[in-house]
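Sequential numbering of the sequence shown, starting at 1, is according to our numbering.
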Amino acid sequence: MADLKDFAEQLVNLTVKEVNELADILKEEYGIEPAAAAVAVAGPVAGGGDAAEEKTEFDVILKAAGASKLAVVKLVKELTGLGLKDAKGIVDSAPAPIKEGVSKDEAEGLKSSLEEAGAEVELK
């Protein structure tokens, strides 16, 4: 299980260039075309730089845990793959980023899940 957490952390910390390379490998060698990578690849080409990245990559920021803090901690743990102590640390230090550089669809999904649990969330 620790190997999977390490792998997940490596994926989350990939640069845009590395994501593009990974998308190419998945497409060419395995016939898989990841939708999120396609958006990230199309973004800089369409807008020519930073402006396109702002529109396609979002940061999910936890502004406040709300009334049901325990439910929010559990959800942050589940969404990020962090341990309980680390998830609680993020919730306690709000406002804090939950995930950074995610697609619009993923960011909106995370936001709605967190808001259902009672958290106050912002997308940047």
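Glycine is no exception: its CB is placed at the ideal position from the N, C-alpha and C atoms.
Tell me which residue opens and which closes the beta strand (DSSP E) that residue i is part of.
i: L62; result: F58 to A64
i: G126; result: As displayed, the chain neither begins before 1 nor continues past 124, which places residue 126 out of reach and without an answer.
i: K99; result: A96 to V102
Applying the criterion that 16 or more other CB atoms from any shown protein chain within 10 Å of the CB defines a buried residue, is residue i buried or exposed?
i: A67; result: exposed
i: E115; result: exposed
i: L70; result: exposed
i: G49; result: Note that G49 scores 49 on pLDDT, short of 50, meaning its location in the model is unreliable and no value can be drawn from it.
i: V121; result: buried
Going straight from the alpha carbon of residue i to that of residue j, what length do you get?
i: K124; j: E100; result: 9 Å
i: V12; j: L22; result: 13 Å
i: F6; j: P95; result: The displayed chain sequence assigns Asp, not Phe, to residue 6. Distance between the alpha carbons of D6 and P95 is about 25 Å.
i: A135; j: E9; result: It is not possible to answer for residue 135, since the shown part of the chain is limited to 1 through 124.
i: E2; j: G31; result: According to the sequence displayed, residue 2 carries Ala and not Glu. If I take the Cα positions, the gap works out to 28 Å.
i: P97; j: K27; result: 31 Å
i: G118; j: L14; result: 30 Å
i: I90; j: S113; result: 16 Å
i: V16; j: A65; result: 31 Å
i: E18; j: L82; result: 23 Å
Give me whichever residues DSSP pairs with residue i in a beta bridge.
i: L11; result: DSSP lists no partner for L11.
i: L123; result: V60
Determine the extent of the alpha helix (DSSP H) in which residue i is found, giving its start and end residues.
i: A23; result: V16 to Y30
i: K74; result: K69 to T80
For residue i and chain B, any beta-carbon pair shorter than 8 Å?
i: A71; result: The structure shown contains no chain B, having only a single protein chain.
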